[in-house]
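One rule links them: number in the numbering used here = place in the sequence shown (from 1) + 707.
Below is one structure, written out as structure tokens; the observations come after it.
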Amino acid sequence: MWSLSTNLRSNRLRLFLQHLSTSSDMLVAPPKVIASWPKPNYVDPEHQGPHLTIIVIGCFTISSAVVALRTYVRVKIKKNAGWDDWLMLSTLPLLAGITVSNIIGVYHGWGYHIWDNKPEWGVTCRLTSWCSQVMSVIVATMVKSSILVSYMRFFSSTATTLRQGTWIMLHIVVAWGLATALPLLPLSDYWNDPTRRNCINNGARIISGSIPHVLTDIIIWMLPIPTLCKMHLPGREKVVLIILMSFGLVACAASVVRLAYTYVILYVSYDSTWVGYNLWIWNDLEVNLAVICASFPMIRPLARMYLPNWGSNIFTTSADSLPMEAQPSGQKKMNLVLPEWKHDEESVPNEKYANIAPISGLDEKTELKVPEQAVHSTKQKL
């Protein structure tokens, strides 16, 4: 029984890989499938609503705010901005491009059934799809690179194993981004030529690019955990650091859901513009969550400044590491209050300071007087 089930699984895997290698482009439906579609409805076609537009605008707004706070903390408060911060800041124009592409796509076919798409929407629909794909890959590459660069900044040079692993992963991530971003040459064939004769096998390219994407996310998350466990920190602080660094797994979960929708579009349903509507929702959630989760741990000083009671228990950044002007406002300051000295006649014994000699060179209003014996003893020492 065990050998039979193993053979069935191996046969399914072989058929799946053969299907990947022989499918030229599963996004183009064959004539037999097209003939079975209902009559086009260009008057009042069914549409999935404005969900995609609302989500992409909301996600971009939150991502921009988080990255802006991160940049403020690193530049103004900590005063130690590095390449990891500039890489994260550079993702904002690309996120804006993804947002605009998705909104344009909604008005040119995305969210409609494939048979209700107007012929003049075809080029724009494919162009927005290509723009979103390429910019999403670039954003993912930049976010991963930013996290890896921050590892090399935050961990000491003695952690040689971590630094070597970080360098290896950095090369793998950059190579993955270059290999996945460009599906064909010339690029214009993607939206001008529906058959995409010069394109790499589109299904194999997307699936083979998405699986390493998820795996590298998991590896990058696990990379610093052994070093954190060896650090001489209280157990609670180690747990908090690991939790903060684990926020990236939320984006990884979104990647898995997006991969599932991608498989449905490529190998299950030819109604790509209808199913692709949800695909672009999860794609936008994925890239924005990656930026938010990678930047959120960097804004801990703000939590300590404006939420001192909550931040002091959860966030472990030391207040002494901040500049003086950035110290948490909720902490008590040490103010030295000196007693007032009463300069009246009753408070000073007249007989003790009877012989007073003025010090020359001072203004009459600020004349300072000292006992004559003190002046005499000072002259003897000189």
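Even for Gly, the Cβ is constructed at its ideal location relative to N, Cα and C.
Secondary structure of H754, DSSP reduced to three states
strand
Simplified DSSP state of S731, which is helix, strand or coil
Residue placement at S731 cannot be trusted, given a pLDDT of 38 that sits under 50; the coordinates are not used to answer.
Classify F861 as buried or exposed, calling it buried when 16 or more other Cβ atoms lie within 10 Å of its own Cβ.
exposed
If you compare alpha carbons, which of C936, V957, C832, T798 is closest to A866?
C936
Assess, as a yes-or-no matter, whether the region 763 to 780 is touched by the region 988 to 1006 under the definition of 3 or more beta carbon pairs within less than 8 Å.
yes
For N748 and P933, the rounded distance between their alpha carbons
59 Å
Mind checking which residues open and close the alpha helix (DSSP H) that includes G804?
798 to 813
Classify Y819 as helix, strand or coil using the three-state DSSP reduction.
strand
Does DSSP put K786 in a helix, in a strand, or in coil?
coil
My understanding is that V773 touches I927, with C-beta atoms under 8 Å, so please give their C-beta distance in whole angstroms.
Actually they are not in contact, since the Cβ atoms of V773 and I927 sit about 19 Å apart, beyond 8 Å.
Have a look at V740 and I913 and give me their C-alpha separation to the nearest angstrom.
23 Å
Other residues of its chain near G983: CB distance less than 7 Å, five sequence neighbours each side excluded
W817, I972
If I'm right that L799 touches V994 with Cβ under 8 Å, what's the distance once you round it to whole angstroms?
With 8 Å as the limit, L799 and V994 do not qualify as a contact, their Cβ atoms being about 11 Å apart.
With a threshold of 16 other CB atoms inside 10 Å of the CB of P737, please say whether the residue is buried or exposed.
exposed
How would you label D751, buried or exposed, when you count the other beta carbons within 10 angstroms and need 16 or more for buried?
exposed
Could you tell me whether the region 956 to 966 touches the region 805 to 816, where touching means 3 or more Cβ pairs closer than 8 Å?
no
Please list the terminal residues of the continuous alpha helix (DSSP H) segment that includes I879.
867 to 888
Taking the C-alpha atoms as reference points, what is the distance between W981 and S839?
17 Å
Environment of L996 [buried if 16+ CB atoms lie within 10 Å]:
buried
CB of S771 within 8 Å of CB of I805, strictly:
no
Using three-state DSSP, classify Y779 as helix, strand or coil.
helix
Buried or exposed, going by whether 16 or more other CB atoms sit within 10 Å of the CB of M876?
buried
Can you find the residues in the same chain that come closer than 6 Å, C-beta to C-beta, to A819, ignoring five residues on each side of it along the sequence?
It should be pointed out that residue 819 corresponds to Tyr in this sequence rather than to Ala. Cβ within range, chain order: P752, H754, T980.
Could you give the distance in angstroms between the alpha-carbon of V841 and the alpha-carbon of A888?
5 Å
Could you tell me which of S743, P919, W989 sits nearest to C766, measuring between CA atoms?
W989
Beta-carbon spacing of T848, V881 below 8 Å
yes
On the premise that V763 lies in contact with I810, defined as a C-beta separation below 8 Å, what is that separation, rounded to the nearest angstrom?
7 Å
For the putative contact between I854 and T923, defined by C-beta atoms under 8 Å, what is the C-beta separation to the nearest angstrom?
Actually they do not touch by this definition, with Cβ atoms about 10 Å apart.
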